[in-house]
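The next block holds one structure in the form of structure tokens; read it before the comments.
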Amino acid sequence: MTPRIETLNERKLVGMRLTMSFADYKIAELWRSFLPRRKEITNNCTNDLISLVVYEANHFTHFSPSNPFERWATIEVADFEHIPIGMESFIIPGGLYAVFDYKGLNTDPSIFQYILGTWLPNSDYILDNRPHFEVLGEQYKNNDPTSEEEIWIPIKTKL
Numbered sequence: 727m728t729p730r731i732e733t734l735n736e737r738k739l740v741g742m743r744l745t746m747s748f749a750d751y752k753i754a755e756l757w758r759s760f761l762p763r764r765k766e767i768t769n770n771c772t773n774d775l776i777s778l779v780v781y782e783a784n785h786f787t788h789f790s791p792s793n794p795f796e797r798w799a800t801i802e803v804a805d806f807e808h809i810p811i812g813m814e815s816f817i818i819p820g821g822l823y824a825v826f827d828y829k830g831l832n833t834d835p836s837i838f839q840y841i842l843g844t845w846l847p848n849s850d851y852i853l854d855n856r857p858h859f860e861v862l863g864e865q866y867k868n869n870d871p872t873s874e875e876e877i878w879i880p881i882k883t884k885l
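Numbering (my numbering), first residue to last: 727 to 885.
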């Protein structure tokens, strides 16, 4: 699987977040709290959902399933004029991303094992310390093998 390389402009998001780890993965809890309220966000740019992760800088170099990270359930917005109570704003900084068009179960970790363990080490890039995210568009179907999503991995050119 070969990604397309894109330069992302800054994006504004509104949503909810939880701190979790792979050992204590609370993504279902996060989306259960966000999805019933997503219509409260009235200035969204698209109907796509964005599942975003903020890792510590050394998350992958000193990997442990108990390393904490922030997971966000969000929607892209035009501005931060109206943020519903109980939700927060987040800005994805611009930069270079490897974008993988993924089709399959969202519970299958093999795509991330491939990206981080095979594609990245054999590419001209290294991970950049910016948010990772998935765009869950019209073709996204939770827990369905025919589901489609975009996986955005922050990268920078190897020195």
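Don't be surprised by glycine CBs; every beta carbon is placed ideally from N, CA and C.
In the displayed model, residue 754 falls within a helix according to three-state DSSP. Shown here, residue 844 sits in a helix according to DSSP, grouped into three states. Collapsing the DSSP output to three states places residue 815 in a strand. Around the beta carbon of residue 799, 16 or more other beta carbons sit within 10 angstroms, so the residue counts as buried. Non-local C-beta neighbours of residue 859 in its own chain, meaning closer than 6 Å and more than five positions away in sequence, comprise 776, 778, 878, ordered along the chain. Bridge pairing for residue 881: 853 [DSSP]. Remark: three or more beta-carbon pairs, one from each stretch, lie closer than 8 Å, so the region 783–797 and the region 739–748 are flagged as touching. Taking residue 851 as reference, the option from 835, 840, 824 with the minimal CA-CA separation is 824.
A distance of 8 Å or more separates the beta carbons of residue 738 and residue 838.
Within the model, the alpha-carbon separation for residue 830 versus residue 871 is close to 4 Å. Each of 771, 763, 741 was checked against the Cα of residue 797, and the nearest Cα belongs to 741. Non-local C-beta neighbours of residue 785 in its own chain, meaning closer than 8 Å and more than five positions away in sequence, comprise 793, 795, ordered along the chain.
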